[in-house]
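A short write-up of the structure that comes next.
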Amino acid sequence: MADRYLELTANDRERLVEFGHRLEPYTDQIIATVTDRLQQVEEVVAILPGGDLAARLRPGLLEYLNALKENQTDQYLQAIGARIRARAEEGLLYEQLIVTLMVLEDQVARFIRELYPLKEDDLAVREAFRKLSHILLATTAQAYLNGKEETIRAQQEAMLALSTPVVEVWEGILALPLIGTIDTGRAKQITQNLLRRIRDTQARIVILDITGVPLVDTRVANHLIKTVRAARLLGARGIIVGISPEVADTLISLDVAFQDISTYFSLRQGLEAAISMLGLKVAPEGVLR
Amino acid sequence: MSIPVLRVDGFLLASIQEALEDQAAIELKKNLLEEVRRSRAQGILIDVSGVDLIDSFTARVLGSIGRSARLLGTSTVLVGLQPEVAMTMLDLGLELSDLATELNTERGLELLRKQVRTLP
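Written as structure tokens, this is what we have:
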């Protein structure tokens, strides 16, 4: 059976606890060398906190050393993961994060050789320590990604919330100015929103304006067709406007046909057509009288 | 449960109030077509405003009512589809392309009257 690579064995843990105890007298020295080194690393200089750096780094390093000594590495990793997730959402760069951890690893690893004169012990501790460092890096990477994904998801939601207004431009005519990319999720939301508005306003005609849609490919075209068919189910006719010559070209080369859907170049033409479909007419004052 | 078929202004009106069992759907089709033949109604209105789900079987039967009625010279309009029901139907790929659809009974009647007026 396969075992997890990113997991410390009981033996590893034992070694690390013992290593943690041996490191204890050197705590101040470790803090000093990590501090010194970080100040010389170009990647991280920019994010180092101001003031007495050693004092600022101290709690974090003590936490790390304690986790080694007390065999609390699992809890430590969990806590670090949560913190890094938050930092990722704040915009900390991945490189800065990873380099900081690598500096820490380098500096602590230097003590192994000094503290373990016997070659055999040295190797076993080195092995356990390297594994812990790998796990720390992996945890960090995952937490960082989770944080970033959270940010992206939040942004997507915000964009959806901005959403698509459905405007009643005339009695019985709704217009939907579509702006931005249209994916399946958004298409569904737009359609749902539209259907409710059709029911509420008793609209007979719906104008989808795709002037603001940057890319119209087969998928987007299919979403549009589906939205028009949905509107039809509620008795409203769909018109698509804002089809530039380029988009028309793409649609033809993609072999997408808006068969029974009226299309127009501009919103203006679409509105004109919609008004005349309702049997109405817009004319200069005086002409109608 | 059988669906009553009413006569309104020369048209037939069937109002479905809850999701149809398969058997009830078939019976509705039979009754409607029989009534078209007997009364020479010029249009059929099927109101589904009270229905919260239309499955593929019901959709198929509704479509076949539309096609059969057309052979008898009568057009069929489905009215009152709820937005949520329409969304689900689209997800299932049910587009009811054999039927005219309108928002509500009033608009459905309006459409039927217009069609009768434009008959040759």
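Chains as they are written, first to last, in numbering that gives the first Met the number 0: chain D, 0 to 288; chain R, 0 to 119.
Ideal Cβ positions, reconstructed from N, Cα and C, are used throughout, including at glycine.
Scanning the stretch 23-47 of chain D for uninterrupted alpha helix (DSSP H) segments of 4 residues or longer gives 26-38, 41-44, listed from N- to C-terminal end. Shown here for D:P48: same chain residues with a beta carbon closer than 7 Å to its own, the five before and five after excluded, namely R55 in chain order.
One Cα belongs to R:D46, the other to R:T57, and the distance between them is close to 13 Å.
The alpha-carbon of R:L91 is positioned some 19 Å away from that of D:N192. Interface flag for D:I197 against chain R is set, since a Cβ pair is found closer than 9 Å. Going by DSSP, D:A247 is part of the alpha helix (DSSP H) stretching over 244-253. Shortest Cα-Cα distance from D:Q28 to any of D:I197, D:Q39, D:A53, D:N10 involves D:A53. Across the structure, D:I224 and R:E20 are spaced so that their CA atoms are roughly 31 Å apart.
Taken through DSSP and simplified to helix, strand or coil, R:S14 comes out as strand.
For D:I238, the pairing in a beta bridge is given by DSSP as D:I206, D:S261. By alpha-carbon distance to D:Y75, the top candidate from D:L91, D:V102, D:S132, D:Y93 is D:S132. Using beta-carbon distances, R:A85 counts as an interface residue toward chain D, with a partner under 9 Å.
Contact with chain R is absent for D:Q258, since none of that chain's Cβ atoms lies less than 9 Å from the residue's Cβ. Across the stretch 232-264 of chain D, CB contacts with chain R closer than 8 Å involve L232, L233, G234, A235, in sequence order along the chain.
Secondary structure note for R:P82: its alpha helix (DSSP H) is the uninterrupted segment 82-90. In the three-state DSSP reduction, R:R6 falls in the strand class (E or B).
Contact annotation: R:I25 and R:V60 have beta-carbon atoms nearer than 9 Å. Here D:T34 is buried, its C-beta having at least 16 other C-beta atoms within 10 Å.
D:H222 is classed as buried because its beta carbon has at least 16 other beta carbons within 10 Å across all chains shown. DSSP, read as helix, strand or coil, puts R:E101 in strand.
Bridge partners of R:S55 according to DSSP: none are assigned. Counting along the chain, D:P58 sits inside the alpha helix (DSSP H) bounded by residues 52-68.
Taken in chain order, the unbroken stretches of alpha helix (DSSP H) that lie wholly in the stretch 154-201 of chain D and span 4 residues or more are 183-200. Nearest to D:L266 by alpha-carbon distance, out of D:Q39, D:A123, D:L177, D:E284, is D:L177.
Fewer than three Cβ pairs drawn from the stretch 63-80 of chain R and the stretch 204-222 of chain D lie within less than 8 Å of each other, which leaves the two stretches out of contact.
Ranked by Cα distance from R:R112, the options R:A40, R:L89, R:L71 are led by R:A40. Residue burial annotation: R:L70 is exposed, with fewer than 16 other C-beta atoms found within 10 angstroms of its C-beta. With fewer than 16 neighbouring CB atoms inside 10 Å of its own CB, D:G184 falls in the exposed class.
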